[in-house]
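In what follows, a single structure is set out as structure tokens and then discussed.
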Amino acid sequence: MDSAGFYSVDFPLQIRKIVRVPTHSLRHKIQTSDRFKLQVRFVKKIIFILFLLSLVSPSFLTAQTETSNPPSSETASSPTTAEDVPSDEEQIVSTVKKLIGFIRYKKNDKAIAIIHVKQFSNQLLKTAGKIGDSDRKEFEEAIGEFIVHRSFPIAHKYFDKIDINYEKPVIKGNNATLASSIIWNGSERITFSWILSKIEGAWYVTDFLSEGKYASETNRVKSVDPSVKKNGIKQTIALIKKEAKN
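Going by the UniProt record's numbering, the final residue of the sequence shown carries number 246, and the count climbs one at a time with no gaps.
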């Protein structure tokens, strides 16, 4: 746990020998198996990170088909027709691919615009008691800084060349879940989901789901709530900002 109270992922430098065996061959097999299992656990932890580096973020990953170019804006002289407007399913997948593409090419200002930081921040504070509007705004800004300066660089470093497979989005009203997966080490399939919300006509990434756990819920219960209770909202904000600069 770092000084802001967030959980971080340990980056193992070596695999310790945990079993003594009578032959070199058996020892090698056990160590190889342990190493693979550790790598898989490590990747799963990294996957769960996109939003807060406390879980070091998830994140992320980049498909070969992704692009860093932003969507072209329509002009008044070129009106769109019903056939030109992408479906919600297409918009959802496109939103996630753009996020990953922006992270891949270090366009963090554009990447953060695809994450609805305000809604994510509100989820983090939903059980923190009465928080004033100014403190909520400052908390939101601190979370945004944290994502940009801590989560995105790690996402770029570890997932620059990993391809993501996408399932068909599940849409319920203005909320959607986009299940995804990667193939790790040629055989291990790791699954996770993007949570999106349609806000003012556009789809935004608002949360992340891995192994049945939401990023907002995990960080709220294990990090934000305990910090606010112990340090107060202002000190919690200060700690997040401090970590964002480290």
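In this text, a Cβ means the ideal position worked out from N, Cα and C, and glycines have one as well.
Everything numeric in this text was worked out from a predicted model, so none of it was measured.
(message) Considering just the uninterrupted stretch of the beta strand (DSSP E) at V117, what are its terminal residues?
(response) From DSSP, V117 is part of no beta strand (DSSP E) but of the alpha helix (DSSP H) over 117-124.
(request) Determine the closest residue to E167 out of E200, K97, I154, K245, with distance taken between C-alpha atoms. (result) K97
(request) Return the CA-CA distance between D135 and Q91, expressed in angstroms with no decimal places. (result) 33 Å
(message) Check this for me: beta carbons of H149 and A238, under 8 Å apart or not?
(response) no
(request) Report the three-state DSSP secondary structure of A155 (helix, strand or coil). (result) helix
(message) Considering only their Cβ atoms, is the gap separating V224 from T236 smaller than 8 Å?
(response) yes
(request) Hey, could you find the ends of the alpha helix (DSSP H) I237 is sitting in? (result) 233-245
(message) Out of K126, G129, N175, I115, which one is the CA nearest neighbour of F146?
(response) I115
(message) Short of 7 Å in beta carbon distance, which residues of its chain neighbour S216, apart from the five on each side in sequence? Order them along the chain.
(response) F120, Q123, L124, D207
(request) Starting from R189, follow the beta strand (DSSP E) in both directions and report where the run begins and ends. (result) 188-199
(message) From the DSSP secondary-structure annotation, give me the bridge partner or partners of Y214.
(response) L209
(request) Check the DSSP bridge columns for L178 and list the partner residues they point to. (result) W194
(request) Could you have a look at K172 and say whether DSSP puts it in helix, strand or coil? (result) strand
(message) Going by DSSP in three states, I183 sits in which element: helix, strand or coil?
(response) strand
(message) Between the alpha carbons of S227 and K234, how many angstroms are there, rounded?
(response) 10 Å
(message) Can you give me the C-alpha to C-alpha distance between I112 and G186, rounded to a whole angstrom?
(response) 31 Å
(request) Give the DSSP-derived three-state secondary structure of A202 in the structure shown. (result) strand
(message) Using the Cβ count rule (16 or more neighbours within 10 Å means buried), how would you classify G232?
(response) exposed
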